[in-house]
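Numbering of the sequence shown is given in full-length UniProt numbering, commencing with residue 1 and proceeding in unit increments.
Where a beta carbon is used, it is the ideal one built from N, C-alpha and C, also for glycine.
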Amino acid sequence: MQAWFSSGSGPSSSSAASSSQPSLLAEWNSYAAARSAEDAGDGFGIDIEAAVRSANDRVAGTFGVVSKGVKGFPGSFKSTTSSVPSGRSLMYFGLFLGSGVFLVFIAFTIFLPVMVIMPQKFAICFTVGCAFIIGSFFALKGPKNQLYHMISKEVLLPKFASPKIWQAKVAKEPHICAKFPGIDFLISQRLPFTMGFVGSMVATIYVSMVLHSYILSVFFSVLQVITPSLQSVILLHNVTTRLSYVICTFTPFSISPCPSILCHLILPWWICWNEVYIFCRCVLSVEMLWAMSSPDCCFPVLIAVFLVDDLAPLWLCRLAYELIKTAKCLATPGKGILASDESTGTIGKRLSSINLENVESNRQALRELLFTAPGVFDYLSGVILFEETLYQKTSDGKPFVDVLIAGGVVPGIKVDKGTVEIAGTDGETTTQGLDSLGARCAKYYEAGARFAKWRAVLKVGPAGQGQPSELAVRQNVEGLARYALICQENGLVPIVEPEILTDGGHDIGTCAAATERVLAALYKSLSDHKVLLEATLLKTNMVSAEVIAEYTVAALRRTVPPAVPGVVFLSGGQSEEEATQNLDAMNKLEVLKPWTLSFSFGRALQQSTLKKWVGKKENVAAAQATFVIRCKANSEAALGKYAGSGAGDAAASESLYVKGYKY
């Protein structure tokens, strides 16, 4: 930029320039003096005749300068053309630049989506690409000139040609101000950005190749992207400042104020807003990349949420990360979910089977027995609670939620309000509870719950009777989709549970077809409601009777998207041992299963435990040992490694089937 004012500085060149054509610097000074005179004058200070004469002089002077080789133009075409690079320099410039752009393109298109998985590949590819691009300019301009350029100061526009927001930053450069008295200049430092960029490149290579550090590779790669981005933003601001000067020079403010107002007020503020926006997104990117360094994170999904949906609020990305992390935790291979969400009436039936009264103290004692069993959390990833249980405590005063969290288990909550019959159908039902769901989810989240469950019940009739009906399917899947969306908006991972009852005289083909129809409609509705599938789990029934494993897995493969992290099964009235064996058979099938297949059992985990306990304190230890055995057996089945370790108890083989079972 200093060359803008240094051309023709000697006496001879100065006289030659003045004799042939007024220089652009003289035009600047003339324009500044005219503006000062106008500001000091009375009224609006508008002299139409002088303005028109000045405009004509500028136009004539411009054509004169162009016709004579633009001798007075800053940077001087003459001096520029005298240093045109050689053909060899241009060839090396093209080779280096093309190679660098290609490597950067590969880094962002291939390695960025898997940066958290393989950060070294992105880091090395991007760094080498940047090095090639910088090297291309060294080849073009020469090492000495390019190095000087990278560490030099850049003189920007005179103060009178810059926006008011920049006029406070007057550069203290005595040699420049002495050469051009009355004109203040703004200075931009290139050295800090050069040092930051080169330092981040060196650090990226070091931590990737020498330290093999996972976190530091991600950090310095992001820093390496941010540094030139910020310099580009500043360069863009300088470009608008120069544009402001050009418009002000060739379009007098007194005649046409709109372009000047655009450059002085609107454009700089628009760019400042974008700088803040870019900075916020960069900070959030670093924070998310740091948090997503765990192997449980689903990185490509977050990239899609964060980069593709640019109109989404920034907080949505953080919420999506938390939801996906919770869903992945619940779907941990080899672990399952304890369904301890029986309503007061349902748990009363369980207690009555062992001659216990249905009072809160007995309900609390049963759940404390389950939640405090030694070693049980090694086999559980989550526990579904009833609302009463969410706020209950152990006998020593510790909240159940804190007990679960301390054991690494995610607390969940049942949020539906039961079923009601659909008018005009043959006993088919829909689930209620959507009216107050948003407020309740927010309350449950504050209490510590991080996932929720909603049960929809559908009946399968004999072949040819058309059950479940289209009306029942539509109402239930719409309710499940609305529930899922409301839960995610309030920070809870939704478990969608379309349970198909095994009642009725139907064959396995009819049950499988009904299961496929319901699941297909469910995921169509979830997609229509824009539910984040990566932050959901499916809880469903096993296809009943005969060859359960093959039919169940086939139905899931045809309907459940691979984006869903896990599928958990309800026991559906099977005995404890039967449910475990069927789960094991499904996981042993040698077919592609893109989701975790695990358990979410209630009765099939608690039946033999209840029989051991029978409400007596002296039986608590034995009952807890039985409960741990059942959880371990199902954990092995979830990995396809069950070998019958839980089959010793006679209660484990008792059928748990109840017609029209209700929670």
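Taking 6 angstroms as the limit between beta carbons, can you name the residues of its chain near residue i, skipping five residues before and five after?
| i | result |
| --- | --- |
| A406 | none |
| Q432 | K417, V420 |
| V128 | L103 |
| F138 | Q146 |
| G602 | A339 |
| G375 | V628 |
| V403 | F371 |
| G345 | none |
| A373 | Q624, F627, V628 |
Where does residue i land, buried or exposed, given buried means 16+ other C-beta within 10 angstroms?
| i | result |
| --- | --- |
| M195 | exposed |
| E360 | exposed |
| L390 | buried |
| A633 | buried |
| A643 | exposed |
| I215 | exposed |
| P411 | buried |
| V210 | exposed |
| L592 | exposed |
| V202 | exposed |
| Q465 | exposed |
| A555 | buried |
| T430 | buried |
| residue 679 | Residue 679 is absent from the structure shown; the chain starts at 1 and stops at 663. |
| R450 | buried |
| E576 | buried |
| A423 | exposed |
| V457 | buried |
| Y148 | exposed |
| F197 | buried |
| F105 | exposed |
| T109 | exposed |
| K325 | buried |
Are the CB atoms of residue j and residue i within a distance shorter than 8 angstroms?
| i | j | result |
| --- | --- | --- |
| S221 | A339 | no |
| T536 | V477 | no |
| E497 | A327 | no |
| R482 | H529 | yes |
| L437 | I486 | yes |
| I500 | A452 | no |
| G427 | K459 | yes |
| S635 | G382 | no |
| A331 | G566 | yes |
| L90 | I133 | no |
| L380 | V401 | no |
| V553 | V518 | no |
| A638 | A585 | no |
| F377 | D341 | no |
| V564 | F599 | no |
| L589 | V560 | no |
| A107 | F126 | yes |
| Q574 | N582 | yes |
| S200 | V207 | no |
For residue i, which residues of its own chain have a beta-carbon under 8 angstroms away from its beta-carbon, when the five flanking residues on both sides are left out?
| i | result |
| --- | --- |
| I354 | L610, K611, W613, V614, G615 |
| A562 | Strictly speaking, residue 562 in this sequence is Pro, with Ala absent from that position. Taken in chain order, the residues that qualify are P594, W595. |
| V620 | L369, W613 |
| A623 | L369, T609, L610, K612, W613 |
| S352 | N358 |
Output needed for residue i: all residues of its chain with C-beta closer than 7 angstroms, excluding positions within five of it in sequence on either side, in chain order.
| i | result |
| --- | --- |
| Y551 | I508, A512, V543 |
| V531 | A481, A484, L485, Q488 |
| A579 | S571, F601, A604 |
| residue 680 | Since the first residue shown for the chain is 1 and the last is 663, residue 680 is missing from the structure and cannot be characterised. |
| residue 665 | There is no way to answer for residue 665, as the model of the chain reaches only from 1 to 663. |
| A520 | T559 |
| A514 | V460, P468, I500 |
| S99 | F132 |
| G640 | D584, N587, K588 |
Can you give, in chain order, each stretch of the alpha helix (DSSP H) that sits fully within the stretch 510 to 596 and has at least 4 residues?
Qualifying alpha helix (DSSP H) stretches, in chain order: 548 to 559, 576 to 588.
With a cut-off of 8 angstroms, do at least 3 Cβ pairs link the stretch 394 to 408 to the stretch 363 to 374?
In this structure the stretch 394 to 408 lies against the stretch 363 to 374, because at least three pairs of beta carbons, one per stretch, are closer than 8 angstroms.
What ranges does the beta strand (DSSP E) occupy inside the stretch 435 to 501, keeping only unbroken runs of at least 3 residues that lie completely in it?
For the beta strand (DSSP E) assignment, the uninterrupted runs of no fewer than 3 residues enclosed by the stretch 435 to 501 are, from N- to C-terminal side, 451 to 459, 493 to 501.
Runs of alpha helix (DSSP H) wholly within the stretch 326 to 375 (minimum 4 residues, chain order):
Taken in chain order, the unbroken stretches of alpha helix (DSSP H) that lie wholly in the stretch 326 to 375 and span 4 residues or more are 344 to 352, 360 to 371.
Quick check for students: name the residue ranges of the beta strand (DSSP E) that lie wholly in the stretch 404 to 432, counting only runs of 3 or more.
Listed in chain order, they are 410 to 414, 419 to 421, 429 to 431.
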